[in-house]
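Have a look at the structure below before the remarks.
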DNA sequence: TGCAGTGGTTGACACGTTTCATATCCGTGC
DNA sequence: GCACGGATATGAAACGTGTCAACCACTGCA
């Protein structure tokens, strides 16, 4: 098959160890041998066998990243951040898409364990499988992404989603909205639950109760399910129909926006929309979307750095929580004046 | 470190070969030994060492996918198709983002070669590096994705982009548009050149010359550069300003749409827009985007299948070309009647 | 009793690399 | 002339697995 280090050595007329030295400590080798070895490498088209290196080294130069939905640009942005750091460290990233399905997730974790990855970055499905513990017990560093660690002994990079939910709700209430819908999800992801909790808290603080908060919980968080939720909202009697919608992510929000427009409901005049994540498409929507911004790429970078740091034995586990920022755009701009009118009425 | 097959053997009181047999040919092993081995595996938390398997086998159970832009949903859809097939074949996918930069591309190809991947799926940067040939010479199967093979001896899965460009242009011309802009790219990707060529061909057929076709060539194909192009278009004097824009991909189209809307140019009444790829966000845009559909996921699947087939030695190289389909949506719906008025005027 | 056959099991070997203790060479200072 | 040290070069050992020829115990048959 392909040439090995031994073939190179023979061709260059040196020993096997010398070739290895040329590859790994070129300065410890005389110019003459080095040149002959390099020439032989070129002639034979020699390529290092990474498996053999790994076997010898006991660990690979790879790192696993498991995401919930590869089609969600939030995760591709995170991935971009991760691979920046990984590239600099000379590591390859194996990107796995669990599709929010525990079965796929655990299959991928097995695979990553067999690959002896240096570590795993994961946004886990709801029930943070015991699988993760078993990985850690085996000494594989794990860093949670967009999900707060439940206990100590683990690193995580997350966002204060309760605050995020609160920001969104406060903004809309301050704008004069009195009936709000929250479009979340039913898969039980804590991130989503917390966003919901934040909205509920804000609503309670301002209104005393949450009677005017309608909650929708589609099974997955996609553009398509966002459209479905919007269709339901549009179908509600005008007297109780929410005048604003908070979505648990931007995909849902885009779906809601599209369906509203399709039904002739003007955004933001008749219905305001707030998304979550602030993916690039949020700003690019024809009615630019107000959204709760998370430092997507930065989260990926930071998570990868934590993972690498975990190799050092003086490592202290860190749980980083970013503060989200509400980015106000057109989709929630109207209503203040009319709302005040309503309030005094 | 972690337990090896040898530890398991000792623990189960069997030989090393028996453990291997339990793992690879369970039926050739007596029930008793099998159970004891499985028990030992569970107790020790044994996980196969993939590097060692690879070293022994000479090849990995991995496959490389190199894309131009991980942030473009077109490629994540392709990736989804690829991993479907890969999963079924028990292969892992290493997803690499070249960012349309030859340097990154070739670094990743080196990496994949060192990993001894079973094959590489790639949408290459413009100058289909000699790197690819060197891979093939080394016996690594390569399948081109969204890019037609230049010669025989290689597999590819592509789309007839000349036809795609033609469809878009014909549609707009038939709708009555007489001044069209093409927003492409300057990186020299053949896919883009062909789309351009298709548009030019259609325009020439219908108008005799291409004086009324304005071409923009931003350096990258993103939402941001789409906005910039639109800003230029909007700034043109009304008498020469195109009434329709064909974009080389949907990201550009979304950018154009947003900027048009921002400037109060109504889409499609004052300016029609046609995108390319038909990513999900195209339909979800507030003015749903007319776009040239490619079978994104199917392309990924098919490419992966071709790659796997290339292992068999009776394999004949195949160059698959899909026919794109124009999906007409709101962004290009208006104008027929007014256009006819204009024409007669 | 001997022999062929069978279902299980064994352990040495090979895969390609890195590492490390050891060997070689050459110049320098005493 | 000799000991010493620095710069290079060497090759055996080890990493964990899969394979395969050899082996074993046992059965059925002649």
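Protein chains in written order, with the numbering used here: chain A, 90 to 434; chain B, 90 to 434. No residue lacks a Cβ here, since even glycine has one placed at the ideal position from N, Cα and C.
Item                                                                                                                                                                                     : Value
Can you list, in chain order, the residues of its chain with a C-beta nearer than 8 Å to that of residue 308 (chain B)? Leave out the 5 residues immediately preceding and following it. : 274, 275, 276 and 314
Would you check if the distance between the CB atom of residue 269 (chain B) and the CB atom of residue 335 (chain B) is smaller than 8 Å?                                               : yes
Quick one: using the 10 Å Cβ neighbour count with 16 as the cut-off for buried, is residue 113 (chain B) buried or exposed?                                                              : exposed
Please state whether DSSP places residue 269 (chain A) in a helix, a strand or coil.                                                                                                     : strand
So which residues of chain A does residue 183 (chain B) contact, with C-beta pairs closer than 7 Å?                                                                                      : 181 and 183
Ordered along the chain, which non-local residues of its own chain (more than five positions away) have a Cβ less than 7 Å from that of residue 110 (chain A)?                           : 117 and 118
Ordered along the chain, which non-local residues of its own chain (more than five positions away) have a Cβ less than 6 Å from that of residue 283 (chain A)?                           : 250 and 251
At which residues does the alpha helix (DSSP H) containing residue 130 (chain B) begin and terminate?                                                                                    : 120–133
Below 8 Å between beta carbons: does that hold for residue 127 (chain A) and residue 171 (chain A)?                                                                                      : no
For residue 184 (chain A), which beta-bridge partners are listed by DSSP?                                                                                                                : A:154
State the beta-bridge partners of residue 381 (chain B) as determined by DSSP.                                                                                                           : B:365 and B:415
Using the three-state DSSP reduction, which class does residue 408 (chain B) fall into: helix, strand or coil?                                                                           : strand
For residue 326 (chain A), count the other beta carbons within 10 Å of its own beta carbon; 16 or more makes it buried, fewer makes it exposed. Which is it?                             : exposed
Determine which residues of the region 320–348 of chain B have a Cβ less than 7 Å from any Cβ of chain A, and write them out in chain order.                                             : 343, 344, 346 and 347
Between which residues of its own chain and residue 341 (chain A) is the CB-CB distance below 6 Å, once the five residues before and five after are set aside?                           : 272, 310 and 315
Since residue 373 (chain A) meets chain B, which of its residues come closer than 7 Å, beta carbon to beta carbon?                                                                       : 312, 343, 344 and 347
Taking 8 Å as the threshold, find out whether the region 132–152 of chain A comes into contact with the region 187–205 of chain B through three or more Cβ pairs.                        : yes
Out of A:175, A:183 and A:219, state which residue places its alpha-carbon closest to the alpha-carbon of residue 192 (chain A).                                                         : A:219
Hey, could you find the ends of the beta strand (DSSP E) residue 303 (chain B) is sitting in?                                                                                            : 302–305
Please name the residues in the region 119–149 of chain B whose beta-carbon is closer than 7 Å to at least one beta-carbon of chain A, in chain order.                                   : 134, 136, 137, 138, 139, 140, 141, 143, 144, 147 and 149
Would you mind reading off the limits of the alpha helix (DSSP H) that contains residue 223 (chain A)?                                                                                   : 219–226
If you reduce the DSSP assignment to three classes, tell me which class residue 329 (chain A) lands in.                                                                                  : coil
Going by Cα to Cα distance, which pick from B:241, B:265 and B:381 is closest to residue 281 (chain B)?                                                                                  : B:381
Is the region 174–193 of chain A in contact with the region 149–165 of chain A, if contact means three or more CB pairs nearer than 8 Å?                                                 : yes
Taking CB distances under 8 Å as the criterion, tell me whether residue 165 (chain B) reaches chain A.                                                                                   : yes
Does DSSP classify residue 103 (chain B) as helix, strand or coil?                                                                                                                       : coil
Chain A partners of residue 376 (chain B), CB-CB under 7 Å?                                                                                                                              : 375
To the nearest angstrom, how far is it from the Cα of residue 157 (chain A) to the Cα of residue 190 (chain A)?                                                                          : 8 Å
Tell me, to the nearest whole angstrom, how far the beta carbon of residue 350 (chain B) is from that of residue 371 (chain A); I am working on the premise that it is less than 8 Å.    : 14 Å between Cβ atoms; not a contact.
Just mark residue 397 (chain B) as buried or exposed, buried being the case when its beta carbon has 16 or more other beta carbons within 10 Å.                                          : buried
If you reduce the DSSP assignment to three classes, tell me which class residue 276 (chain A) lands in.                                                                                  : coil
Let me see if you follow: with CB-CB separation under 8 Å, is residue 421 (chain A) close to chain B or not?                                                                             : no
For residue 105 (chain A), count neighbouring Cβ atoms within 10 angstroms of its own Cβ and tell me buried if that reaches 16, exposed if not.                                          : exposed
Would you list the one or two residues that DSSP bridges to residue 206 (chain A)?                                                                                                       : None; residue 206 (chain A) has no bridge partner.
Please report the distance separating the alpha-carbon of residue 41 (chain B) from that of residue 151 (chain B).                                                                       : No answer is possible for residue 41 (chain B): the residues shown for chain B start at 90 and end at 434.
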